[in-house]
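Trainee: Protein chains in written order, with the working numbering: chain A, 3 to 705; chain B, 6 to 76.
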Amino acid sequence: MNDELKVALVGNPNTGKSTLFNVLTGLHQKVGNFPGVTVDKKIGYCKLPDGRSAQIIDLPGTYSLYPKSKDETIVFEVLADKSNPAHPDIVVIVADASNLKRNLLLYTQVADLKIPVIIALNMMDVARKNGTDINIDDLAVKLGVRIVPISARQDENVKELKEAIAYSSVLALQEDTIEVEALAPGLIGKIKEELQIDLPYTALQLAHQHENLRFLTPQQSDRIEELEQEFSFHSSKAQAAETIARYNFINDVLFDTVKHKSQAYEETISNRIDKILTHKVWGFIIFFGVLFAIFQGIFAWSEYPMSLIEQLFVWLADTAHSILPAGVFTDLLVDGVLAGLSGVLVFIPQIAILFAFISVLEDTGYMARVTFMMDKIMRKVGLNGKSVVPMIGGLACAVPSIMSARNIENWKDRMITIMVTPLISCSARLPVYTILISLVVPEKRVWGFINMQGIALMSLYILSIVSAIVVAWVMKSLIKARDRGYFIMELPVYRLPRWGNVGLTVFQKVKAFLFEAGKIIIAISIILWVMASYGPPAKQAAAEQKYKSAEYQSYSPEKLKLIKDADKLENSYAGVLGKAIEPAIKPLGYDWKIGIALITSFAAREVFVGTMATIYSVNGDGSNNESVREKMQSARNPETGEPVFTVATSFSLMIFYLFAMQCMSTLAIVYRETKSIKWPLMQFAYMSVLAYLASLIVFQVLK
Amino acid sequence: MKLSQLEPGQSGVIKEFTDLDMSVKLMEMGCLPGEPIVVERLAPLGDPMAITVSGYQLSLRKREASTIILQ
Numbered sequence: 003m004n005d006e007l008k009v010a011l012v013g014n015p016n017t018g019k020s021t022l023f024n025v026l027t028g029l030h031q032k033v034g035n036f037p038g039v040t041v042d043k044k045i046g047y048c049k050l051p052d053g054r055s056a057q058i059i060d061l062p063g064t065y066s067l068y069p070k071s072k073d074e075t076i077v078f079e080v081l082a083d084k085s086n087p088a089h090p091d092i093v094v095i096v097a098d099a100s101n102l103k104r105n106l107l108l109y110t111q112v113a114d115l116k117i118p119v120i121i122a123l124n125m126m127d128v129a130r131k132n133g134t135d136i137n138i139d140d141l142a143v144k145l146g147v148r149i150v151p152i153s154a155r156q157d158e159n160v161k162e163l164k165e166a167i168a169y170s171s172v173l174a175l176q177e178d179t180i181e182v183e184a185l186a187p188g189l190i191g192k193i194k195e196e197l198q199i200d201l202p203y204t205a206l207q208l209a210h211q212h213e214n215l216r217f218l219t220p221q222q223s224d225r226i227e228e229l230e231q232e233f234s235f236h237s238s239k240a241q242a243a244e245t246i247a248r249y250n251f252i253n254d255v256l257f258d259t260v261k262h263k264s265q266a267y268e269e270t271i272s273n274r275i276d277k278i279l280t281h282k283v284w285g286f287i288i289f290f291g292v293l294f295a296i297f298q299g300i301f302a303w304s305e306y307p308m309s310l311i312e313q314l315f316v317w318l319a320d321t322a323h324s325i326l327p328a329g330v331f332t333d334l335l336v337d338g339v340l341a342g343l344s345g346v347l348v349f350i351p352q353i354a355i356l357f358a359f360i361s362v363l364e365d366t367g368y369m370a371r372v373t374f375m376m377d378k379i380m381r382k383v384g385l386n387g388k389s390v391v392p393m394i395g396g397l398a399c400a401v402p403s404i405m406s407a408r409n410i411e412n413w414k415d416r417m418i419t420i421m422v423t424p425l426i427s428c429s430a431r432l433p434v435y436t437i438l439i440s441l442v443v444p445e446k447r448v449w450g451f452i453n454m455q456g457i458a459l460m461s462l463y464i465l466s467i468v469s470a471i472v473v474a475w476v477m478k479s480l481i482k483a484r485d486r487g488y489f490i491m492e493l494p495v496y497r498l499p500r501w502g503n504v505g506l507t508v509f510q511k512v513k514a515f516l517f518e519a520g521k522i523i524i525a526i527s528i529i530l531w532v533m534a535s536y537g538p539p540a541k542q543a544a545a546e547q548k549y550k551s552a553e554y555q556s557y558s559p560e561k562l563k564l565i566k567d568a569d570k571l572e573n574s575y576a577g578v579l580g581k582a583i584e585p586a587i588k589p590l591g592y593d594w595k596i597g598i599a600l601i602t603s604f605a606a607r608e609v610f611v612g613t614m615a616t617i618y619s620v621n622g623d624g625s626n627n628e629s630v631r632e633k634m635q636s637a638r639n640p641e642t643g644e645p646v647f648t649v650a651t652s653f654s655l656m657i658f659y660l661f662a663m664q665c666m667s668t669l670a671i672v673y674r675e676t677k678s679i680k681w682p683l684m685q686f687a688y689m690s691v692l693a694y695l696a697s698l699i700v701f702q703v704l705k
Numbered sequence: 006m007k008l009s010q011l012e013p014g015q016s017g018v019i020k021e022f023t024d025l026d027m028s029v030k031l032m033e034m035g036c037l038p039g040e041p042i043v044v045e046r047l048a049p050l051g052d053p054m055a056i057t058v059s060g061y062q063l064s065l066r067k068r069e070a071s072t073i074i075l076q
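#1: Which class does Lys101(A) belong to by DSSP, given the choice of helix, strand or coil?
#2: Can you tell me whether Val468(A) is helix, strand or coil according to DSSP?
#3: Quick one: list the residues of chain A neighbouring Ser9(B), beta-carbon separation under 8 Å, in chain order.
#4: Using the rule of at least 16 other Cβ atoms within 10 Å of the residue's Cβ for burial, across every protein chain shown, is Gly520(A) buried or exposed?
#5: Just to check my reading of the structure: Ile74(B) and Lys20(B) have Cβ atoms closer than 8 Å, yes? What is that Cβ distance to the nearest angstrom?
#6: Looking at the secondary structure, which residues open and close the beta strand (DSSP E) in which Ile61(B) lies?
#7: Among Gly505(A), Phe235(A) and Met375(A), which residue has its Cα nearest to the Cα of Lys388(A)?
#8: Residues in its own chain within less than 7 Å of Leu459(A) by CB, not counting five upstream and five downstream?
#9: Do we get a CB-CB distance below 8 Å when we pair Gln15(B) with the residues of chain A?
#10: For Tyr47(A), which beta-bridge partners are listed by DSSP?
#11: Below 8 Å on the Cβ atoms is my contact criterion, and I expect Pro402(A) with Phe451(A) to pass it. Report the Cβ-Cβ distance as a whole number of Å.
#12: Taking contact to mean at least 3 C-beta pairs separated by less than 8 Å, is the region 75-82 of chain A in contact with the region 9-16 of chain A?
#13: Does any residue of chain B bring its CB to less than 8 Å from the CB of Tyr213(A)?
#14: Hey, out of Ser71(B), Ala70(B), Glu69(B) and Ser64(B), whose CA is closest to Ala370(A)'s CA?
#15: Under 8 Å by Cβ, that's how I've got Ala534(A) and Leu571(A) pegged, so tell me the actual separation to the nearest angstrom.
#16: Pull up the distance between the alpha-carbon of Gln222(A) and that of Phe517(A), whole angstroms please.
#17: I'd like to know if the region 343-353 of chain A and the region 303-314 of chain A are in contact, where contact means that at least 3 CB-CB pairs between them fall below 8 Å.
#18: If I'm right that Thr423(A) touches Ile437(A) with Cβ under 8 Å, what's the distance once you round it to whole angstroms?
#19: Just list the alpha helix (DSSP H) runs in the region 501-553 of chain A, keeping only unbroken ones of 4 residues or longer that don't cross its boundaries, in chain order.
#20: For Asn250(A), count neighbouring Cβ atoms within 10 angstroms of its own Cβ and tell me buried if that reaches 16, exposed if not.
#21: Closer than 8 Å between beta carbons: that is the criterion. Which residues of the region 50-64 of chain B meet it against chain A?
#22: On the DSSP bridge assignment, give the partners of Arg638(A) in chain order.
#23: Would you say Met6(B) lies against chain A (beta-carbon separation less than 8 Å)?
#24: Going by DSSP in three states, Gln313(A) sits in which element: helix, strand or coil?
#25: Taking contact to mean at least 3 C-beta pairs separated by less than 8 Å, is the region 675-687 of chain A in contact with the region 635-645 of chain A?
#26: For the region 140-215 of chain A, which segments carrying the beta strand (DSSP E) assignment without a break, of at least 3 residues, lie completely within its bounds, in sequence order?
#27: Tell me which residues share the same chain as Leu695(A) and place their Cβ nearer than 7 Å to its Cβ, disregarding the 5 neighbours each side in the sequence.
#28: Under 9 Å between beta-carbons, which chain B residues line up against Arg130(A)? List them in chain order, please.
#29: On a Cα-Cα basis, can you pick out the residue from Ser427(A), Val649(A), Leu669(A) and Val143(A) that is closest to Tyr659(A)?
#30: Does any CB atom of chain A fall closer than 8 Å to the CB of Val29(B)?
#31: Which same chain residues, not among the five before or five after Asp24(B), have their C-beta less than 7 Å away from its C-beta?
#32: Interface residues of chain B around Asp718(A) at Cβ under 9 Å?
#33: Measure how close the beta-carbons of Ile58(A) and Thr27(A) come, nearest whole angstrom, since I'm counting them as under 8 Å.
#34: Leaving out the 5 sequence neighbours to the left and right, which residues in its chain are closer than 6 Å to Tyr463(A) when beta-carbon positions are compared?
#35: Is Phe451(A) helix, strand or coil by DSSP?
#36: If you follow the beta strand (DSSP E) that Pro41(B) is part of, which residue opens it and which one closes it?
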């Protein structure tokens with residue numbers, strides 16, 4: 003018998019619902035996804051005083067059961083559909099005691115779905131400070147529910163809440179709130195009868211939301227549509243009437259149970275802070291300071307742990323090679339699996355640092371002000387005020403930045419942000435830029451202090467940001483909005499961050515990346531390894547044969563290995579593919595060697611340098627930049643004798659790397675964040691086309 | 006008078022709405038007829054605006070604020 007109690011947390015945004023979830027479940031939580039939408043499905047477990055275990059599910063914060071976005075439909079779906087795996091036995095409404103009237107609106111809606119309800123009256127400390135006096139006992143009697151005053155931040159009364167959950171009635175005992183049938187006379191009865199629904203309010207909600215509910219069959223939805231025509235049901239009018247009726251009910255209930263004594267205390271402090279933080283001048287200076295700190299954080303602080311992770315894997319690979327017998331399986335394990343694992347783990351520092359920053363910004367309430375300040379500019383190009391953070395993060399790495407776009411509530415804004423973030427030049431492009439710039443841009447100073455190479459690098463970064471903005475602007479008209487672009491947003495009062503919450507967020511984001519995107523990245527990295535180390539058998543055999551000839555016997559073993567490695571790569575599947583695409587990339591000024599580098603770069607852009615090292619038989623690995631540079635500089639086209647890396651080719655290549663989507667980790671995370679193969683494919687397609695055309699123009703003009 | 010016409014520091018009382026869909030969302034967030042509203046500040050670029058209504062702060066675009074008619 004399954005005696006596990008299912009409890010859903012429901013409440014308005016900014017009521018401390020997530021804090022309560024964390025307090026109840028601690029580390030016993032897992033974050034998954036609701037099918038079809040990109041809302042975190044947070045499930046945790048909590049031990050109840052009677053010894054049972056309760057499964058707690060944290061539903062997305064919402065002001066009402068009428069969704070503003072597709073993601074919010076999940077709340078009604080879970081609560082109304084008894085066959086939904088997340089359907090709860092008990093709902094805990096988390097309500098902000100300092101703003102009870104608005105919070106009770108959602109309560110009255112949920113109460114009418116007749117699921118047993120408990121109200122957790124959070125932020126009692128704030129309400130007391132604000133001079134709000136709530137007669138909890140009277141209120142509980144009037145509503146017919148158990149009300150537990152808590153303070154999730156201070157961990158106050160959480161034990162009592164657990165007791166209330168454990169000893170809650172299995173039947174819904176709350177009083178009826180409003181006369182639901184009067185809102186759509188006739189229609190509600192008909193829907194109840196035809197769809198066999200017991201509750202009038204569920205029937206009314208179906209009438210409003212049937213187009214978006216996935217638990218209805220298309221026939222049922224069509225039938226509801228017909229009935230609506232028949233009874234000339236007007237959804238917005240009925241919603242307005244319902245909301246007014248509910249507020250009337252709430253006003254009656256609160257009339258003699260809640261007393262306000264003085265003006266809000268925290269509000270005035272927040273106002274004073276806002277005068278500075280959203281000031282015309284200071285506001286922007288502080289905001290750019292914050293962005294700079296984030297950028298520095300992901301760029302500089304992550305460098306040390308990242309190189310540590312890389313070194314660890316180099317050591318592991320060396321050790322594995324020396325312990326395990328040489329052969330295909332060792333190669334697969336070390337060069338395929340271990341290398342892939344290293345490529346996944348290396349992202350952890352950047353993800354952790356970016357999300358530590360973001361959760362502090364969200365927790366304190368500053369993120370809402372960022373949206374407030376940046377909305378006007380960002381809206382013009384189809385982005386959201388909140389898109390600024392992922393885009394700045396994109397300068398370091400697109401992977402954590404795309405994960406952070408989840409904070410953007412508006413679906414269309416979020417999609418556009420995800421689509422353009424990888425255009426912004428990330429740190430992995432830097433090694434490619436530097437080596438190519440050092441090849442063709444003289445290290446000269448203009449006016450004594452401006453370094454030409456520095457200007458070239460800066461221009462690439464500026465171009466990348468401008469292109470992201472332009473593409474966003476184009477997409478604004480191409481992507482169809484799923485929901486109307488409301489921008490009615492709460493500005494929560496400023497609070498100190500809760501470090502426990504920050505830690506949990508970082509932990510969950512890292513975990514989600516490792517387990518969801520990590521699989522894809524390792525799989526692709528193994529494929530790339532096979533492509534680079536194996537080739538058509540006939541070609542491989544011929545190459546092997548070649549080195550048995552007397553001519554090569556005089557070479558030193560090191561030199562022979564270098565030549566062999568280059569030859570092996572040339573005759574691998576990647577090499578064959580590189581040669582096959584040569585006609586296509588010739589107009590861009592690339593030969594097949596560059597073609598191979600473009601293919602292997604798909605693992606990560608900085609692999610370009612390593613591939614160049616192998617293909618030009620450079621001593622040591624790709625870390626020896628100077629010798630790679632010399633080899634590339636002296637590389638000649640065998641037919642014409644001209645240098646391969648001319649100004650035109652090098653700039654064309656830089657522009658190609660600037661635009662092209664050569665990062666499987668980004669594609670993997672875009673797939674994870676959009677839950678659809680369509681978006682990463684579209685992204686790959688448009689960025690490739692952009693890269694091809696732009697480098698074509700650059701090469702043909704500079705040639 | 007529309008809410009969007011108020012300057013920071015000015016206040017008014019909500020009378021009615023001109024956009025039905027928007028009014029549903031506004032009411033859910035506490036903007037009810039009869040409720041007093043104070044305009045706290047404008048964003049540095051002049052839009053959106055921050056208002057205090059039923060004890061908390063909301064940010065909304067001027068276009069949205071123009072659907073709220075004041076007494």
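Glycine included, each C-beta is placed from N, C-alpha and C at the ideal position. Quick caveat, the model's predicted, so the values are computed rather than measured.
Mentor: According to the structure shown:
#1: Numbered from its first residue, the first sequence carries residue 101(A) at position 99. Checking the displayed sequence, the identity of residue 101(A) turns out to be Asn instead of Lys. If DSSP states are grouped into helix, strand and coil, Asn101(A) belongs with the helices.
#2: Against the first sequence, residue 468(A) aligns to sequence position 466. Three-state result, Val468(A): helix.
#3: Locating residue 9(B) in the second sequence gives position 4, where the first residue counts as 1. Those within 8 Å of Ser9(B) in chain A number zero; the least Cβ separation is about 13 Å.
#4: Residue 520(A) sits at position 518 when you count from the first residue of the first sequence. Flag for Gly520(A) reads buried.
#5: Start at 1 with the first residue of the second sequence, and residue 74(B) comes out as number 69. Start at 1 with the first residue of the second sequence, and residue 20(B) comes out as number 15. Right, their Cβ atoms sit about 5 Å apart.
#6: Here the question's residue 61(B) lines up with position 56 in the second sequence. Ile is not the amino acid found at residue 61(B); the sequence shown has Tyr there. Where Tyr61(B) is concerned, the enclosing beta strand (DSSP E) stretches over Tyr61 to Leu65.
#7: The residue you call residue 388(A) lines up with position 386 of the first sequence. When Gly505(A), Phe235(A) and Met375(A) are compared, the shortest CA-CA separation from Lys388(A) is found for Met375(A).
#8: Start at 1 with the first residue of the first sequence, and residue 459(A) comes out as number 457. Tyr435 and Ile439.
#9: As a working note, residue 15(B) is residue 10 in the second sequence. For Gln15(B), the answer is no, since every Cβ of chain A falls outside 8 Å of its Cβ.
#10: Position 45 of the first sequence, counting from 1, holds the residue named residue 47(A). According to the DSSP secondary-structure assignment, Tyr47(A) is paired through a beta bridge with Gln57(A).
#11: Stepping through the first sequence from its first residue, residue 402(A) is reached at position 400. Stepping through the first sequence from its first residue, residue 451(A) is reached at position 449. Actually they are not in contact, since the Cβ atoms of Pro402(A) and Phe451(A) sit about 35 Å apart, beyond 8 Å.
#12: yes
#13: Start at 1 with the first residue of the first sequence, and residue 213(A) comes out as number 211. It should be noted that the sequence gives Glu, not Tyr, for residue 213(A). No, Glu213(A) does not count as interfacial toward chain B.
#14: In the first sequence, the residue the question calls residue 370(A) occupies position 368. Here the closest residue by C-alpha is Ser64(B).
#15: Here the question's residue 534(A) lines up with position 532 in the first sequence. Here the question's residue 571(A) lines up with position 569 in the first sequence. Sure, about 6 Å apart at Cβ, within 8 Å.
#16: For the purposes of this step, residue 222(A) is taken as the residue at position 220 of the first sequence. For the purposes of this step, residue 517(A) is taken as the residue at position 515 of the first sequence. Approximately 38 Å between the Cα atoms of the pair.
#17: yes
#18: Taking the first sequence and counting its residues from 1, the one referred to as residue 423(A) is at position 421. Taking the first sequence and counting its residues from 1, the one referred to as residue 437(A) is at position 435. About 25 Å; that fails the 8 Å criterion.
#19: Qualifying alpha helix (DSSP H) stretches, in chain order: 501-514, 520-535 and 539-548.
#20: Residue 250(A) sits at position 248 when you count from the first residue of the first sequence. Asn250(A) should be labelled exposed.
#21: Hits within the stretch, in order: Leu50, Gly51, Asp52, Pro53, Ala55, Thr57, Ser59, Gly60, Tyr61, Gln62, Leu63 and Ser64.
#22: Residue 638(A) sits at position 636 when you count from the first residue of the first sequence. Answer is Pro645(A).
#23: Here residue 6(B) corresponds to residue number 1 of the second sequence, with the count starting at 1. No - not a single Cβ of chain A is within 8 Å of the one on Met6(B).
#24: Reading the first sequence from its first residue, position 311 is the one you call residue 313(A). It is helical.
#25: no
#26: 148-151
#27: Stepping through the first sequence from its first residue, residue 695(A) is reached at position 693. Nothing listed; no residue qualifies.
#28: Here residue 130(A) refers to the residue found at position 128 of the first sequence. For the C-beta of Arg130(A), not a single chain B residue is nearer than 9 Å; the gap to the nearest is close to 14 Å.
#29: In the first sequence, residue 659(A) corresponds to position 657, counting from 1. It is Ser427(A).
#30: Locating residue 29(B) in the second sequence gives position 24, where the first residue counts as 1. Closer than 8 Å to some Cβ of chain A, the Cβ of Val29(B) qualifies, so yes.
#31: As a first step, residue 24(B) must be located in the second sequence, where it is residue number 19. Same-chain partners within the cutoff: Thr72.
#32: With chain A represented from 3 up to 705, any question about residue 718(A) goes unanswered, as that position is not in the structure.
#33: In the first sequence, the residue the question calls residue 58(A) occupies position 56. In the first sequence, the residue the question calls residue 27(A) occupies position 25. Yes, Ile58(A) and Thr27(A) are in contact; Cβ-Cβ is about 6 Å, under 8 Å.
#34: The sequence position of residue 463(A) within the first sequence is 461, counting from 1. Excluding residues within five positions, the ones whose Cβ falls inside 6 Å are Ser427.
#35: Within the first sequence, the letter at position 449 stands for residue 451(A). Secondary structure of Phe451(A) (DSSP, three-state): coil.
#36: For the purposes of this step, residue 41(B) is identified with residue 36 of the second sequence, where counting begins at 1. It spans Pro41 to Leu47 - the beta strand (DSSP E) in which Pro41(B) sits, taken as one unbroken run.
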